[in-house]
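Accompanying notes for the structure given below.
Protein chains in written order, with our numbering: chain A, 108 to 645; chain B, 108 to 645.
This is how it looks when you write it as structure tokens:
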């Protein structure tokens, strides 16, 4: 039953009841013949050059139908359309909230069949101006040839996504260029960057939507003073990305300023200038453009009405099945691809900051499990680290594998004992999906594998700017779909506010201690003082 | 009641029953006055220059007493003594198992009051020979001055611990030296290393206990062939660490060979030659020696019979309280220290591979939760990533914070708006412990913080080789104590075997496909073929 506020709630959906029933006896992957060819072949979806292989999930046709029914009841696709069109999706009905659209898809809607939503088109037009500004700025940098290094000062979404995508494409690095990232306010972070650079050939990019992020403002000032101390004019070396009108939008301070807008969340900002500037600096503008094209292409897949071919929706539904109905608290994301070593850190933010919520969009606390804890490291390395627990631990959870047919390079892909390194990598990937699902019965209880540990594999041909862009959007939309279906707001982050407020109170204690005794305010913050006092007696 | 096999089982312990009762109403951190000075001051433990501040855990005195009673019933301290003395602790009674001691503590027992156990002393004597061999080898390298770069080929414990400790000490790097790590069999991993090095000034260290690890053997061969192709003699550039008699123990192939033994698990190997060679190369032998001293010092703390001053035991008990009795599936480890950025990856292996087990030491499946899922990123970065979920997600879990009073450097620790960067870092650390515990009631449900999210802070003066060694041992013993108390074997990793077996089967399919059709065996491995076939239709 629909209410004024939208479709039936998650917990009240008929499909949710049905899924609860189905979850009492989820598909047994360890049964004889459970992974036959017919099943494996039918649980494959394709899009944007990827295949999603999900025959090793604990689902059967009845489960998939119930999941699709849930997506229908929750109007998942309609909400995806609304989001991409620029309707207000970042809101909590009846309470003060950010109350705005989430238009990251507009940052790359420059290709075939652009979105028809008015707000989306407006946002795309604005973004297009920045992209053109960037293209020209890059031409100028190439022409003047003054800068070899870019230091990016930013934290959270201004660091994790950009860094993960930068590292993924490192083999494409332009000769003589590199990018370094400074996020943490830890002074050793700044120091380690300073040791690696020559100020005279270094461009500094400060990223902060509001221009007031504590860590970013602090680190910018540290860097700024280094330029001053070196007798250089910082305003000839610093550029910025922020919202128009922020303290960073100051032409006296910056060689160039790029914009993003309040409808671009930090964790969704990689395809905006936040990723654009540094990726263009490192790899050339065309690589950034290809990334956008790949992301845009997956945006369209996310609007596919055929659910079984809508990769992000499929992944979202399988995730909800595991999380809410099979009660897995955690998801491991394991790329069998060294270039994606830091990709899980990006996805950790994207997912956990978006869906780690307990309040639904109507302002009620939910009584079911929302966003899981996300972690991951690259394979095969992770096999030698935490796979012990995945196979034999007391808390089963699903694994999302990512793999590619071809490496970036073939020069080191040597044939040894009949197979190449890449084949060894892929063999391990496929083997893990099989072993986790099937398990193995053994007399020795310590060598027994219970199986029924679900996984899927997202398989691509090669990691290119295009396929990386598609991967980015795949996860953005997986996360958004889960929010739509659970009925939570995936686009705000009120949960980070309290820590900031208390940190300011502790900071005041530190700052007060530096003043002459007579100027100190009497503090009523005993707990803050307790912690600070501990420092004196180490 | 004790059985022949040892003390009362975890699930049957009187203290376990008591803790189950207590867990029905755990201490409410959000109550008025719940975090008063008396409590906060009493829940502090000190050792090796660290303080463990655990007033923000959901425990009261009754809980702590019950936890201590549990440790007594489970004879935790006696088992720690047995482990450090070299008794057989890596075993499953009545079943085929590795059946050997776990003697990583003997790798650093070179200081005051050495262990009196015979096996421990034997192991220490052997280790001392390697340490002396290393010292001389480093003198030779310094004298000959041929190598600037060390490439470490190893995976799992041969990569994660060494890399985390290398990165932690980077500010101490010897002029002109660096270490690179090659773990993944992904050919792009090897290629990215090769791009960064000059073979002629690069020493290659291959680490594999058995000398047969697939990834390591493959990557060694790739590197070896590069030297051959460059007209260099690889045997003048390669050194090795393995068990005596392994394929790597070959004087024709290696300039120098170092040893470790079957009683040193990979994840416990950082203080053995596995960490020793590369840390000495990078920072000088004396830094490695200081690290050993710090670790040894914490080994002694772990034998302290005063439980409230035994830091690793305290941490273990609080972990068991959260995991088994309060049912938290996950632990986040957040160092407020950029130098420890990769430390959580080491601890992830250490903990999850040790305690992600479902079979107890008497060969029975446990019916309670053992080792949690471990993940983490440095603070404050993580605040801008996944803290949303920690504060407001639907699955509460504990956080283990690590912090230091002083940074490595003070050069970039600038005073800005009344506080230094380090003070900003520490303010955030303290604020998070407070905010997570207390929460904050708000009318707007989306801005409401439920609190009661437990944490502790391990606080030190500065990250030095000594304090890093102590940190390493603190976590090794925390993990070991948890294994002792749960009654599981923290020193084997049978859960990684099945994946290896299946990977070999998939590899055979790849290798067979390369042969002429007439030489191919008919495969009966349909599932393996299904996955490989997917590659052809991407």
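The C-beta atom is built at its ideal place from N, Cα and C for all residues, glycine as well. Since we're looking at a predicted model, the values are computed, not measured.
- The beta carbons of residue 491 (chain A) and residue 294 (chain B) sit no closer together than 8 Å.
- With a threshold of 16 other beta carbon atoms within 10 Å, residue 508 (chain B) meets it and is buried.
- Contacts with chain A (Cβ-Cβ distance below 9 Å) from the segment 146 to 162 of chain B involve 147, 148, 151, 153, 156, 157, 158, 160, 162, listed in chain order.
- Looking at B:229, B:128, B:203, the one whose alpha-carbon comes closest to that of residue 212 (chain B) is B:229.
- Between residue 231 (chain B) and residue 561 (chain B), the CB-CB gap reaches or exceeds 8 Å.
- Contact residues of the segment 285 to 301 of chain B toward chain A are 290, 291, 292, 293, 294, 295, 296, 297, 298, 299, 301 (C-beta to C-beta distance below 8 Å).
- Judged by DSSP in its simplified three-state form, residue 458 (chain B) adopts helix.
- For residue 581 (chain A), the uninterrupted alpha helix (DSSP H) segment begins and ends at 572 to 593.
- As DSSP reads the structure, residue 288 (chain B) sits in a beta bridge with B:259.
- Using a CB distance cut-off of 8 Å, residue 137 (chain B) does not count as an interface residue toward chain A.
- Interface residue (Cβ-Cβ distance to chain B less than 8 Å): residue 316 (chain A) is not classified as such.
- Under the three-state reduction of DSSP output, residue 563 (chain B) falls in the strand class.
- Of all residues in the segment 196 to 228 of chain B, the ones placed with a Cβ closer than 8 Å to any Cβ belonging to chain A are 199, 202, 203, 204, in chain order.
- The C-beta distance from residue 170 (chain A) to residue 428 (chain A) rounds to 7 Å, short enough to fall under 8 Å.
- Between the segment 367 to 376 of chain A and the segment 175 to 189 of chain A there are fewer than three inter-stretch CB-CB distances shorter than 8 Å, so the stretches are not counted as touching.
- Partner residues in the beta bridge of residue 158 (chain A), as assigned by DSSP, are A:153, A:566.
- Per DSSP, residue 335 (chain A) is one residue of the alpha helix (DSSP H) stretching across 321 to 336.
- Secondary structure at residue 127 (chain B): helix, using DSSP grouped into helix, strand and coil.
- By the rule that beta-carbons nearer than 8 Å mark a contact, residue 123 (chain A) does not touch chain B.
- Residue-level contact by beta carbon fails for residue 340 (chain A) and chain B, as no gap is shorter than 8 Å.
- Judged by their CB atoms, residue 437 (chain A) and residue 426 (chain A) are not nearer to each other than the 8 Å cut-off.
- Sequence-ordered contacts of the segment 479 to 495 of chain A with chain B read 480, 482, 484, 485, 487, 488, 490, 491, 492, 493, 494, 495 [C-beta pairs closer than 7 Å].
- Residue 215 (chain A) has no beta-bridge partner at all, per DSSP.
- Only 516, 517, 518, 519, 520, 521, 522, 523, 524, 525, 526, 527, 528, 529 from the segment 516 to 529 of chain A bring a Cβ to less than 9 Å from some Cβ of chain B.
- Around the beta carbon of residue 588 (chain B), a 10 Å sphere encloses 16 or more other beta carbons of the protein chains shown; the residue is thus reported as buried.
- Per DSSP, residue 166 (chain A) lies in no alpha helix (DSSP H) segment and is marked neither H nor E.
- Annotation: residue 593 (chain A) to residue 503 (chain B) spans about 19 Å, alpha carbon to alpha carbon.
- Contact between residue 159 (chain A) and residue 421 (chain A) holds: their C-beta atoms lie close to 6 Å from each other, under 8 Å.
- Counting only unbroken stretches of 3 or more residues, the beta strand (DSSP E) elements lying wholly within the segment 351 to 428 of chain A are 363 to 366, in sequence order.
- For residue 520 (chain B), the three-state secondary structure derived from DSSP is coil.
- When DSSP states are grouped into helix, strand and coil, residue 443 (chain B) belongs to the strand group.
- Judged by beta-carbon spacing, residue 452 (chain B) lies beyond the 8 Å limit of residue 585 (chain B), meaning their Cβ atoms are not closer than that value.
- Residue environment for residue 641 (chain A): buried (at least 16 other C-beta atoms within 10 angstroms of its C-beta).
- In the assembly as shown, residue 132 (chain A) is an exposed residue. Its beta-carbon has fewer than 16 other beta-carbons within 10 Å.
- Rounded to the nearest angstrom, the Cβ distance from residue 216 (chain B) to residue 403 (chain B) is 6 Å, consistent with a contact under 8 Å.
- Membership of residue 197 (chain A) in the beta strand (DSSP E) is indicated by the continuous run 195 to 197.
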